[in-house]
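Chemist: Take this structure first; my questions come after.
Chains as they are written, first to last, in my numbering: chain A, 1 to 310; chain B, 1 to 259.
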């Protein structure tokens with residue numbers, strides 16, 4: 001009797017809306033489930049190593065003593081990679097977005113995207129066959145002339161297969177990631193703000209510093225974090241380029257190891273407690289990545305008020 | 001401060017397309033000059049040639065001369081960066097830098113080209129510029145807050161403060177009120193009247209009442225049709241343009257018969 005014309009009949013109308021919200025909710029839940037089950041797998045499989053007799057763990061002094069050097073090695077390799085890749089990546093991205101003539105920029109951008117698609121084993125082979133022999137002469141020179149700095153202490157590796165070489169190979173792999181993402185963000189800088197800077201008499205570089213870089217800051221942090229993710233987790237290239245050894249402050253003598261390479265090299269023959277060790281190493285890598293990402297979020301959110309999003 | 005502008009035989013191009021043809025105009029120092037005309041007639045394009053912002057667009061170029069107190073802006077030895085430092089610009093949409101505080105926005109132009117300024121000088125300049133833009137009383141307690149937190153009208157006055165902080169010779173305004181409500185528009189118009197005492201002001205506006213209210217001289221631009229270049233039809237005292245213009249097209253436009 002009471003016929004409200006505004007009522008939507010139940011059988012038609014909002015079906016598409018409901019399906020879409022259901023699908024996107026499902027996708028969101030799926031991510032959480034995957035992340036949770038990976039974490040659970042790592043914790044459960046790794047747990048024997050935490051309760052095991054320290055003498056039975058590789059090295060004979062417990063898990064902490066085993067994992068510490070390779071955590072440091074991982075961090076060193078990733079730090080070298082980012083130290084090189086972040087400035088280079090940002091500069092290349094700026095060149096493409098704001099300096100190169102348009103046609104050149106398009107070709108350049110395409111090449112950079114192509115670099116990101118090269119599989120890591122190729123980079124590893126290149127590092128092993130081409131870069132490492134070249135680096136060994138540089139290492140010898142560094143050891144002779146700057147050997148008093150601990151990171152360049154001799155004896156220099158004759159094969160060039162050191163953590164520094166590995167870091168450089170990682171940098172080459174990370175640069176395209178940082179470049180592509182930064183370029184996209186630089187291109188999104190509002191024209192309005194670029195013109196505001198230019199109209200005040202800013203040079204191109206000042207315009208970039210005033211309008212482009214501040215706008216792109218959160219994006220640059222994200223791009224760097226994605227690059228860091230690749231550097232931390234990269235296995236094949238490091239396994240090929242680095243001849244592993246004990247923890248050493250020198251970047252130019254053989255030694256050091258990263259978590260990912262350690263797992264990859266030893267996994268095929270591992271069983272029992274050794275397997276748990278390696279999975280525990282994986283858990284540690286997982287935690288490092290989480291911490292790094294949280295720090296990145298913190299950096300981004302601290303400047304939220306001045307991001308222009310309000 | 002404040003110089004005159006003389007434009008001689010200026011043609012403005014986007015690549016091969018002639019956008020504005022053969023403009024000759026003399027803009028007096030310490031006056032307000034308004035450019036009016038229908039959409040697409042090239043008045044904004046022409047305005048942007050007065051501080052070499054036109055050439056920021058790829059392929060854009062000009063032929064002819066623009067003289068600032070006799071010095072040609074388009075001389076091959078002239079750096080556009082220098083030109084823009086002397087001829088400030090306020091845009092259609094307020095564009096304070098979102099990542100900077102109100103204070104830093106005002107000082108943005110002053111700190112360019114590696115110039116240094118002491119904190120006390122900077123404080124004085126911020127206050128002077130914001131007072132000059134009639135914004136000081138509204139923002140003096142929150143100079144450290146982001147400029148993007150202000151209302152649209154306040155943001156536009158912040159942009160004017162930013163423009164006058166570098167003591168330019170000329171201020172160009174490209175439809176500065178078109179994104180603002182009537183109250184904010186009034187505030188900007190009052191401000192333009194005050195700026196006239198120290199600066200040469202050139203304003204592009206779609207609003208004929210606004211041109212009549214704020215300007216001393218008015219230039220009417222028109223376009224013969226799509227794809228044809230815009231032209232300066234008539235340039236005279238504002239009262240003449242609005243009361244007894246000499247051209248038929250001007251009369252039609254200001255009386256609302258077209259456009």
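Positions of the beta carbon are idealized from the N, C-alpha and C atoms, including for glycine.
I want to see whether chain A comes within less than 8 Å of residue 158 of chain B, judged by CB atoms only; does it?
Modeler: No, because no Cβ of chain A sits closer than 8 Å to the Cβ of residue 158 of chain B.
Chemist: Could you tell me which uninterrupted beta strand (DSSP E) segments, each at least 3 residues in length, are contained entirely in the stretch 177-246 of chain B, listed from first to last along the chain?
Modeler: Counting whole runs of 3 or more residues, the stretch 177-246 of chain B contains the beta strand (DSSP E) stretches 200-204, 217-223, 230-237.
Chemist: Just to make sure I have the definition right: I need the residues of chain A whose C-beta is within less than 8 Å of the C-beta of residue 173 of chain B. Which are they?
Modeler: In chain order: nothing, as chain A lies at least about 11 Å away.
Chemist: Exposed or buried, what is residue 222 of chain A when buried is set at 16 or more other beta-carbons lying within 10 Å of its beta-carbon?
Modeler: The residue is buried, with at least 16 neighbouring Cβ atoms inside 10 Å.
Chemist: Using the C-alpha atoms, what's the distance from residue 43 of chain B back to residue 231 of chain B?
Modeler: Cα-Cα distance, rounded: 9 Å.
Chemist: Taking DSSP as the reference, what is the three-state secondary structure of residue 146 of chain B?
Modeler: Of the three classes helix, strand and coil, the one that applies to residue 146 of chain B here is strand, per DSSP.
Chemist: Give the DSSP-derived three-state secondary structure of residue 164 of chain B in the structure shown.
Modeler: It is helical.
Chemist: In whole angstroms, what separates the C-alpha of residue 103 of chain B from that of residue 293 of chain A?
Modeler: Distance between the alpha carbons of residue 103 of chain B and residue 293 of chain A: 33 Å.
Chemist: Pop quiz: residue 251 of chain A and residue 151 of chain A are said to be a contact at Cβ under 8 Å. What is the actual Cβ separation, rounded to whole angstroms?
Modeler: Indeed, because the Cβ distance is near 5 Å, the residues count as touching under 8 Å.
Chemist: If you pair each beta-carbon of the stretch 240-254 of chain A with each one of the stretch 162-172 of chain A, do three or more pairs fall below 8 Å?
Modeler: Enough Cβ pairs lie closer than 8 Å, so yes.
Chemist: Taking residue 266 of chain A as the reference, give the member of A/219, A/291, A/236, A/295 with the closest Cα.
Modeler: Among A/219, A/291, A/236, A/295, the Cα nearest to that of residue 266 of chain A belongs to A/236.
Chemist: Let me check understanding here. Comparing Cα to Cα, which of A/34, A/5, A/247, A/269 lies closest to residue 162 of chain A?
Modeler: Comparing Cα-Cα distances from residue 162 of chain A to each of A/34, A/5, A/247, A/269, the minimum goes to A/247.
Chemist: Taking the beta strand (DSSP E) that residue 130 of chain B belongs to, which residues open and close that run?
Modeler: No beta strand (DSSP E) holds residue 130 of chain B; the alpha helix (DSSP H) holding it covers 119-132.
Chemist: Can you list the residues of chain A that residue 108 of chain B reaches, using a CB-CB cut of under 7 Å?
Modeler: Going along chain A in sequence order, the residues near residue 108 of chain B (Cβ under 7 Å) are 200, 210.
Chemist: Judging by CA-CA distance, which residue of B/58, B/91, B/129, B/110 is the nearest neighbour of residue 100 of chain A?
Modeler: Selected option, being the one with the closest Cα: B/58.
Chemist: Just grab the DSSP bridge partners of residue 255 of chain B for me.
Modeler: Note: residue 255 of chain B sits in no beta bridge, so no partner.
Chemist: Identify the residues that DSSP records as bridge partners of residue 32 of chain B: which are they?
Modeler: The partner list for residue 32 of chain B (beta bridge, DSSP) reads B/201.
Chemist: In whole angstroms, give me the CA-to-CA distance for residue 172 of chain B and residue 201 of chain B.
Modeler: Straight-line Cα distance between these residues: approximately 6 Å.
Chemist: Does any C-beta atom of chain A lie closer than 8 Å to the C-beta of residue 51 of chain B?
Modeler: Yes, its Cβ sits closer than 8 Å to a Cβ of chain A.
Chemist: What separation, rounded to the nearest whole angstrom, lies between the Cα atoms of residue 133 of chain B and residue 72 of chain A?
Modeler: Looking at the two C-alpha atoms, the distance is approximately 57 Å.
Chemist: Which residues in the same chain have their Cβ closer than 7 Å to the Cβ of residue 127 of chain B, if we skip the five residues on either side of it in sequence?
Modeler: Excluding residues within five positions, the ones whose Cβ falls inside 7 Å are 136.
Chemist: In terms of residue numbering, what span does the beta strand (DSSP E) encompassing residue 17 of chain B cover?
Modeler: From DSSP, the beta strand (DSSP E) with residue 17 of chain B extends over 17-27.
Chemist: Suppose you measure from the CA of residue 262 of chain A to the CA of residue 70 of chain A; what does that come to, to the nearest Å?
Modeler: Near 8 Å, if we compare the C-alpha coordinates of residue 70 of chain A and residue 262 of chain A.
Chemist: Consult DSSP for residue 40 of chain A and reduce its assignment to one of helix, strand or coil.
Modeler: In this structure, residue 40 of chain A counts as helix in the three-state DSSP scheme.
Chemist: Mind checking the stretch 110-127 of chain B against chain A and listing, in chain order, the residues whose C-beta falls within less than 8 Å of any C-beta there?
Modeler: Cβ contacts with chain A come from 112, 113.
Chemist: Under 8 Å Cβ-Cβ, which residues of chain B neighbour residue 311 of chain A?
Modeler: In the structure as shown, chain A begins at 1 and stops at 310. Residue 311 of chain A is therefore absent and cannot be evaluated.
Chemist: Strictly under 8 Å for the Cβ-Cβ distance: is residue 277 of chain A near chain B by that measure?
Modeler: So no, residue 277 of chain A is outside the interface.
Chemist: Let me check understanding here. Comparing Cα to Cα, which of B/176, B/223, B/229 lies closest to residue 34 of chain B?
Modeler: Minimum Cα distance to residue 34 of chain B is reached at B/176.
Chemist: Please check if any C-beta of chain B sits within less than 8 Å of the C-beta of residue 230 of chain A.
Modeler: Judged by the 8 Å Cβ criterion, residue 230 of chain A is not in contact with chain B.
Chemist: Strictly by DSSP, which residues pair up with residue 42 of chain B?
Modeler: In DSSP, residue 42 of chain B forms no bridge with anything.
Chemist: Please state if the CB of residue 192 of chain A and the CB of residue 95 of chain B are separated by a distance shorter than 8 Å.
Modeler: Their beta carbons are under 8 Å apart, which means residue 95 of chain B touches residue 192 of chain A by this criterion.
Chemist: If you count every other CB in all the chains shown that lies within 10 Å of the CB of residue 174 of chain B, and 16 or more means buried, which is it?
Modeler: So residue 174 of chain B ends up on the buried side.
Chemist: List, in chain order, every chain B residue whose beta-carbon is nearer than 9 Å to that of residue 196 of chain A.
Modeler: The answer, in chain order, is 89, 91, 95, 96, 97, 108, 159, 162.
Chemist: Cα separation between residue 7 of chain B and residue 117 of chain A?
Modeler: Whole-angstrom Cα-Cα distance: 54 Å.
Chemist: For residue 84 of chain B, which residues in chain A fall below 7 Å Cβ to Cβ?
Modeler: By Cβ distance, chain A contributes 198, 199, 200, 201.
Chemist: So, is the C-beta of residue 215 of chain A closer than 8 Å to a C-beta in chain B?
Modeler: It does: the Cβ of residue 215 of chain A has a partner Cβ on chain B nearer than 8 Å.
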